């Protein structure tokens, strides 16, 4: 199973054993009523932000299988693992965690295969200085996705060959998906 | 008969009227034909759409003539005229029947080709003069297309000229009178004794393809390939500038059809030798024009290299071979 | 033209294809560095109809966003709303009655055919043949009439609801659909005879616009583009959602990697969609179309949810990051043509403009969907 | 009998071809002058315009004028050939080569040397003088009409009596082709 291979590879990649929490999939049991969801939400509110590590998710509940969070520095190595295993890049996007003063960059990968395995890689950077290395050298298709993420969130992808607005006007100096954006 | 200024003027006036009326109503025919082919009615209000061409004409004439900034004004204005005028001039020598011919010239065939060669010049100047990149690209395409199809076309005409021994369109048509078995398209000619010309259908085919290409009609309409070059050489033209190109195109179609009719299909002769006259000529050219329309709405467009390959690699060798073989056959029989 | 082309970069000119150009079917601009008819370098410029659906998704409640999804792709809108309702159902754990699932599949497949039909016409029009468009539109009209009767709209459907459907289908619809299927089969045969065998058509597509499997992977191309490159990838099979696992259908795959392969994939897909529709009509269970306990307010629990579906253009994904409120915290749309188009810049280098535009046509672009 | 004759016969005599014949003879001189003017204007445009494409257009006008002169001199065959070859082929080929080759800025050359003006004037003067002298000295005899454009006769004449002219024409065409190639190559190698 490709899923196990990839998971093992990521576990090997992230050498620091301490931050890894092998959470038994909590959300897997989410196939119940909304009340339970509310409870869970109440519990989750007190939780600290997620720490780096590999998480195996239930596909039925989340739509993906492996969820990895890592430091920006480890990103390229992780993407190379996926590249070697014939993954293709679905999309790149960002999430603005304004309360935690962090910007998250989310990478979705999938495979042209019946051995289905969707991988999500997340990496977080401080909001005031969001710098993430570009993966467009490995996946040329990331070029547009990174430009789009730069448009919307202002995340700077270091080493990107052409980081100018793609969807926004070429003179746009705002980032509309930041939570403090006022139109 | 001498060419006096008076009858030259009359001839040109009639030719302009004929060309303009043809252009206007061929547009309607084309649109109705396209409609039929595409299972829709086409323009059909106001007397079956018969008022559509005048309406279009008025619309075109009342529009403002825009000259794009940076365009070469003189060339920009001259080009549409250059597209239309030679086409009209060519009508002068076309024999519509035994009696209806403005000026029967001994070098009639040559004259039509000479004036047709202005067409390339017009497209070139239009594309260049409008200072539009699509226009220039289209001009380059259209001219290379015109040049490469003129070659096999002329070579094919030479076979006809060799057989008939004349370049006078009137004589060429007269030689085919009597019935369809005398027409040049058929391999056997019996007009003056038995004559075997087995290659004539090939000549006809080459000539037909070339005249499609020479008139820039689909599937060879690369000069105005609208999905690539917007509108090609007349991208920047509006108003009557566009109207003149349009009329020029249809006038060229009529000339192409007339030439095919005269050279291969017996001109004004009836297929069975009955009642020869201008009606047979008109019937034949409109059938040919209908086939042009039919082809246009059936086929997708070729590529520019496909087009040039067809000319240089297929049509020219075949037509040269055809020419040699015909010459040989003429010598033998 | 075959063979490597020697391009001198010192005498090029820039050609702006678009934003208003007949071949781009909308406002897409490609800045091409041309050497005569050859493209040296191309750069796609997007954003002319960017509407920021993702921000709207964050500012509105989940049901309010639903109509937005169908504005993404005006040709195959049903698949996009399907993705949205599936994503919310996954996030908020809403049960869907079986009848609703079947009708959804039925509608999505009908819409896929209508989208492919329109693409077929527009693609042949890109190649200069105008007539097939009229034939295709006529056939598409029957499908649109069917769908209008049930959904109330012809292009931008808002038919799906969280947990079910807006309207149930009646016997008239089922009978009419059964009547349309043989008609479409006949039409597909006709298109095959009219277009696929045409020598000019084949010459313009065979071997033109190569997009290899590796290129697809690097750029994340999905849908018919990937299947035309020999990749056996279809979200309906690879990652079955809704009730697709109940149906017997094939994924057409062609290995030629050229424009013709992509054309063939789509033409075969229509046949497969017809098969799915037939089966869905046969298997259509009785029952309600909305769940019994329908949540009044959609509030998915906090978390990160992804839903991929196979739309007419490829794998469409919605990522919803929920913070437990009635609005999404982050609403990401992964549109298939965005990825498919991104490979165009690289793929068209060294091609002639007419071949490049034929290839662009074979990517099946819908610009609002790229720009979102 | 053709259409024109039919029309002529229906018109009052003043407007018929015969009635007009006298006027036509008068008009002939005017027409000739007009044709000459067209030729000259074309030539002037060809020499003086800054844009190469315009120069080619001027050249085409000039060629058409020359063709008209041939036509006027009752040689329709040569006239048509003039148009077919010079306008239809040579001009288009030159324009084509220019389009493929020369960038617009290339039209400005360096300043001409101090002697170029006077030298050009002297050369032009000599040529003009020579031409005028030649024109005055030559005795113009009416050559009997060879034929009315029958293809067979033209062919025979071209390959026997006028074979030298025929060859020269081919050489001119060859030079035109080579010239356009040179222009095209020049643009390419830059």
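Protein chains in written order, with our numbering: chain A, 48 to 230; chain B, 244 to 576; chain C, 8 to 379; chain D, 258 to 447. Every residue gets a Cβ at the ideal spot worked out from N, C-alpha and C, and that includes glycine. In this text the structure is predicted, and so the values were computed from the model without any measurement.
**Message:** Does residue 160 of chain C come out as helix, strand or coil in the three-state DSSP assignment?
**Reply:** coil
**Asked** If you draw a straight line from the C-alpha of residue 415 of chain B to the C-alpha of residue 524 of chain B, how long is it?
**Response** 14 Å
**Message:** For the structure I just gave you, are there three or more beta carbon pairs, one from the stretch 483 to 501 of chain B and one from the stretch 457 to 465 of chain B, closer than 8 Å?
**Reply:** yes
**Request:** Select from the stretch 533 to 546 of chain B all residues with a C-beta closer than 7 Å to any C-beta belonging to chain C, and list them in chain order.
**Result:** 540, 541, 542, 543, 544, 545 and 546
**Prompt:** If contact means a Cβ-Cβ distance below 7 Å, which residues of the stretch 26 to 42 of chain C contact chain A?
**Reply:** none
**Message:** Measuring alpha carbon to alpha carbon, tell me which residue in A/128, A/186, A/113 and A/110 is nearest residue 56 of chain A.
**Reply:** A/128
**Request:** Say whether chain C places a C-beta atom closer than 8 Å to the C-beta of residue 454 of chain B.
**Result:** no
**Message:** Within 8 Å of any Cβ in chain C, is that where the Cβ of residue 366 of chain B sits?
**Reply:** no
**Prompt:** Does the separation of the CB atoms of residue 223 of chain B and residue 353 of chain B fall below 8 Å?
**Reply:** No answer is possible for residue 223 of chain B: the residues shown for chain B start at 244 and end at 576.
**Prompt:** Going by beta carbon distance, what residues of the same chain come within less than 8 Å of residue 82 of chain A, once the five residues before and after it are set aside?
**Reply:** The predicted model places residue 82 of chain A with a pLDDT of 46, which falls under 50 and marks its position as unreliable, so this point remains unresolved.
**Message:** Assuming residue 126 of chain C is part of the alpha helix (DSSP H), what are its boundary residues?
**Reply:** 105 to 133
**Request:** Please list, in chain order, all residues of the same chain as residue 244 of chain C whose beta carbon is under 7 Å from its beta carbon, the five residues on each side excluded.
**Result:** 258
**Cut-off 8 Å between Cβ atoms - residues of its own chain near residue 519 of chain B, not counting five sequence neighbours on either side** = 340, 341, 420, 511, 512 and 513
**Request:** Go to residue 203 of chain B, then tell me how far its alpha helix (DSSP H) extends in each direction, as first and last residue.
**Result:** The structure shown does not extend to residue 203 of chain B, since chain B is modelled only from 244 to 576, so the question has no answer here.
**6 Å Cβ shell around residue 102 of chain C - same chain, five flanking residues per side excluded** = 298
**Message:** Can you look up residue 36 of chain C in the DSSP assignment and give me helix, strand or coil?
**Reply:** strand
**Neighbourhood of residue 164 of chain C by C-beta, 8 Å cutoff - its chain only, sequence neighbours within 5 removed** = 77, 84, 85, 88, 114, 118, 154 and 158
**chain C within 8 Å of residue 188 of chain A, Cβ atoms only** = yes
**Item:** residue 445 of chain D, DSSP secondary structure in three states
**Value:** The predicted model places residue 445 of chain D with a pLDDT of 48, which falls under 50 and marks its position as unreliable; any figure quoted below should be read in that light. Three-state result, residue 445 of chain D: helix.
**Request:** Quick one: which residues of the stretch 239 to 252 of chain C get their C-beta closer than 8 Å to a C-beta of chain A? List them in chain order.
**Result:** 239, 240, 244, 245 and 246
**Message:** Taking DSSP's pairing of strands, which residues face residue 140 of chain A in a bridge?
**Reply:** A/153
**Message:** On a Cα-Cα basis, can you pick out the residue from C/270, C/201 and C/281 that is closest to residue 126 of chain C?
**Reply:** C/270
**Prompt:** So, does the CB of residue 54 of chain C fall closer than 8 Å to a CB anywhere in chain A?
**Reply:** yes
**Message:** With a threshold of 8 Å, are at least 3 pairs of Cβ atoms found where one atom belongs to the stretch 328 to 346 of chain C and the other to the stretch 17 to 27 of chain C?
**Reply:** no
**Item:** residue 432 of chain D burial status per 10 Å Cβ neighbour count (16 or more: buried)
**Value:** exposed
**Opening and closing residue of the alpha helix (DSSP H) in which residue 24 of chain C lies** = Looking at the DSSP string, residue 24 of chain C is not in any alpha helix (DSSP H); the run it does join, the beta strand (DSSP E), is 20 to 24.
**Message:** Please identify the residue among C/302, C/140 and C/51 whose C-alpha is closest to the C-alpha of residue 282 of chain B.
**Reply:** C/140
**Asked** Are the stretch 531 to 542 of chain B and the stretch 555 to 568 of chain B in contact at 8 Å, needing three or more beta carbon pairs?
**Response** no
**Prompt:** Shortest alpha-carbon distance to residue 450 of chain B belongs to which of B/384, B/426 and B/507?
**Reply:** B/507
**Item:** Neighbour flag for residue 341 of chain D against chain B, beta carbons, 8 Å
**Value:** yes
**Message:** The beta strand (DSSP E) that contains residue 178 of chain A, what's its start and end?
**Reply:** 178 to 180
**Where residue 44 of chain C meets chain B, residues with beta-carbon distance less than 9 Å** = 380, 383, 384, 547 and 548
**Message:** Given this structure, state the Cα-to-Cα distance separating residue 204 of chain A from residue 177 of chain A, to the nearest angstrom.
**Reply:** 8 Å
**Item:** Three-pair Cβ contact test at 8 Å for the stretch 192 to 201 of chain A versus the stretch 215 to 227 of chain A
**Value:** yes
**Request:** Could you round the C-beta distance between residue 230 of chain C and residue 375 of chain C to whole angstroms and report it? I think they count as a contact, below 8 Å.
**Result:** In fact, because the Cβ distance is near 17 Å, the residues do not count as touching under 8 Å.
**Asked** In chain A, what lies closer than 7 Å to residue 132 of chain C by C-beta?
**Response** Per Cβ cutoff of 7 Å: no residues; residue 132 of chain C is ~27 Å from chain A at best.
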